[in-house]
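Numbering (my numbering), first residue to last: 686 to 862.
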């Protein structure tokens with residue numbers, strides 16, 4: 686809750702997260718954690734909402750976490766690197782990779798399984814995750830985006846995608862424009 690007792694909006698949480706991230710951002714991985722699993726859900730290592738294998742390279746795997754990270758492995762899951770550290774913690778519940786160009790990746794934001802984080806629409810990268818684009822705008826007069834979920838690309842036309850969200854089913858026919 687905010688100091689006045691109200692619940693913060695998704696916009697407030699997003700902006701606050703961006704400010705905090707800018708204060709503590711780093712260019713390298715400074716952690717020295719390693720998995721000693723197997724882990725149970727009670728003691729776990731976190732939760733994964735979605736996993737996908739690159740359609741053009743079976744060694745490349747992606748997973749989306751409910752608290753804001755898209756992870757990539759280039760060695761079938763042995764090691765991982767975050768691709769969205771420069772984004773706020775918004776949750777990733779859907780991933781779609783263009784089979785014609787693996788550098789084009791879409792993520793559906795928000796936590797669809799447990800509502801741990803809100804989303805801000807679908808984000809797109811055309812450079813393999815180095816930078817992200819979104820056409821989403823925060824418009825409180827029409828309500829929050831809510832939480833994104835499953836994200837599917839048409840098997841024969843990569844300009845067509847469907848996104849199941851807490852607000853309904855959305856479709857793009859122009860690659861997210």
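Here a beta-carbon is modelled for each residue, glycine too, at the ideal position from N, C-alpha and C.
According to DSSP, is residue i part of a helix, a strand, or is it coil?
i: residue 791; result: strand
i: residue 852; result: coil
i: residue 860; result: coil
i: residue 746; result: strand
i: residue 761; result: coil
i: residue 698; result: helix
i: residue 708; result: helix
Since I believe residue j is in contact with residue i (beta carbons under 8 Å), could you give me their beta-carbon distance rounded to a whole number of angstroms?
i: residue 733; j: residue 745; result: Incorrect: roughly 16 Å between the Cβ atoms, too far for contact.
i: residue 778; j: residue 749; result: 6 Å
i: residue 848; j: residue 833; result: 6 Å
i: residue 791; j: residue 809; result: 5 Å
i: residue 846; j: residue 800; result: The pair is not a contact, with the Cβ atoms about 23 Å apart (cut-off 8 Å).
i: residue 763; j: residue 788; result: Wrong, their Cβ atoms sit about 22 Å apart, outside the cutoff.
Identify the continuous beta strand (DSSP E) that holds residue i and give its terminal residues.
i: residue 803; result: Careful: residue 803 lies outside any beta strand (DSSP E) and carries neither H nor E.
i: residue 818; result: First-last for residue 818: undefined, no H or E at that position.
i: residue 736; result: 735–738
i: residue 768; result: No beta strand (DSSP E) holds residue 768; DSSP gives it neither H nor E.
i: residue 692; result: That residue, residue 692, is in no beta strand (DSSP E); it is neither H nor E in DSSP.
i: residue 778; result: 777–782
Thinking C-alpha only, which one of the options is nearest residue i?
i: residue 796; options: 687, 814 and 852; result: 852
i: residue 775; options: 858, 700, 790 and 814; result: 700
i: residue 794; options: 787, 786 and 803; result: 803
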